[in-house]
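**Q** Chains as they are written, first to last, in the working numbering: chain Z, 144 to 256; chain F, 115 to 226. Got a structure for you, questions after.
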Amino acid sequence: EDKVVQSPLSLVVHEGDTVTLNCSYEVTNFRSLLWYKQEKKAPTFLFMLTSSGIEKKSGRLSSILDKKELFSILNITATQTGDSAVYLCAVCNSGGSNYKLTFGKGTLLTVNP
Amino acid sequence: SQTIHQWPATLVQPVGSPLSLECTVEGTSNPNLYWYRQAAGRGLQLLFYSVGIGQISSEVPQNLSASRPQDRQFILSSKKLLLSDSGFYLCAWEGAPRNIQYFGAGTRLSVL
């Protein structure tokens, strides 16, 4: 059974801090790893990673994948209160004609002013 | 551009009542569609997925069913709700590049 473990489960920081969120996984037929940000409602897509060692970057957010050690990290620099959210990690298993995502429980990030 | 609509946003239903949640996608054809449930403090659990009209796969045995009567419409149903059906239900479609799923706004269901 595919498994995704995120850590920490929750984190409280002050504006301006840098945070690192972790995601480790076990999956058969790995295809990709995805990060989402969930505020009040729908998760919104952040990154998709397929290759080890290649950093994806968007503004203050960046992410990297290690396929040998089976983990990924999401970094947020110079955090702002708007970064407060649950960050979800998911791995994609390429089974058959569709691609199934297995999600971790998420990391709840709270950024205080 | 593609958009996904999901309704209602919130729903309070008594135990034993029926359920129908609807999800529609615009701006794409023949998308893969998904229903997830998110319980408090937990990740998203895949309930159903569909690769085409009338094609439904169930991931977990449960009190719910799904149907896809049209290419861009996905419906989640129950004949008799249980307390344990309470949760946050999310519909998603799979876009390009493949693997990336985009979510609707979700329905928060409370069964009392």
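For each residue, glycine too, the CB sits at the ideal point set by N, CA and C. For clarity, every value in this text was computed on a predicted model and none was experimentally measured.
CB-CB under 6 Å to H119 of chain F, same chain, minus the five flanking residues each way: which ones, in chain order?
**A** To locate residue 119 of chain F, count along the second sequence from 1; it is residue 5. Result list for H119 of chain F: T138, in chain order.
**Q** Under a CB-based cut-off of 8 Å, is R182 of chain F close to chain Z?
**A** The residue you call residue 182 of chain F lines up with position 68 of the second sequence. R182 of chain F does not count as touching chain Z.
**Q** What do you reckon, are the CB atoms on K199 of chain Z and F190 of chain Z nearer than 8 Å?
**A** Here the question's residue 199 of chain Z lines up with position 56 in the first sequence. Here the question's residue 190 of chain Z lines up with position 47 in the first sequence. Yes, the pair counts as a contact, with Cβ atoms nearer than the cut-off.
**Q** How is D278 of chain Z classed by DSSP in three states: helix, strand or coil?
**A** Nothing can be reported for residue 278 of chain Z, as the shown portion of chain Z is limited to 144 through 256.
**Q** Short check: CB of G157 of chain F to CB of F246 of chain Z, under 8 Å?
**A** Stepping through the second sequence from its first residue, residue 157 of chain F is reached at position 43. Stepping through the first sequence from its first residue, residue 246 of chain Z is reached at position 103. Yes, Cβ-Cβ distance for G157 of chain F and F246 of chain Z is below 8 Å.
**Q** Could you round the C-beta distance between R186 of chain F and E140 of chain F to whole angstroms and report it? I think they count as a contact, below 8 Å.
**A** Against the second sequence, residue 186 of chain F aligns to sequence position 72. Against the second sequence, residue 140 of chain F aligns to sequence position 26. Yes, they are in contact, since the Cβ atoms of R186 of chain F and E140 of chain F sit about 7 Å apart, within 8 Å.
**Q** Between the segment 150-177 of chain Z and chain F, which residues of the former have a C-beta closer than 9 Å to a C-beta of the latter?
**A** So the list reads L152, R174, S175, L177, given in the order they occur along the chain.
**Q** L223 of chain F and S200 of chain F: beta carbons closer than 8 Å?
**A** Here residue 223 of chain F refers to the residue found at position 109 when the second sequence is read from its first residue. Here residue 200 of chain F refers to the residue found at position 86 when the second sequence is read from its first residue. For L223 of chain F and S200 of chain F, yes; Cβs fall inside 8 Å.
**Q** Determine the extent of the beta strand (DSSP E) in which Q127 of chain F is found, giving its start and end residues.
**A** Against the second sequence, residue 127 of chain F aligns to sequence position 13. Segment 124-127, the beta strand (DSSP E) holding Q127 of chain F.
**Q** Between the Cα of V174 of chain F and those of F:N213, F:Y203, F:F162, spot the shortest distance and give me the residue it belongs to.
**A** Translated into positions along the second sequence, residue 174 of chain F becomes position 60. Comparing Cα positions, the closest option is F:F162.
**Q** Within 10 angstroms of the Cβ of P178 of chain F, are there 16 or more other Cβ atoms? Answer buried if so, exposed if not.
**A** Mapped onto the second sequence, residue 178 of chain F falls at position 64. Reading the sequence as shown, one finds Leu at residue 178 of chain F and not Pro. So L178 of chain F ends up on the buried side.
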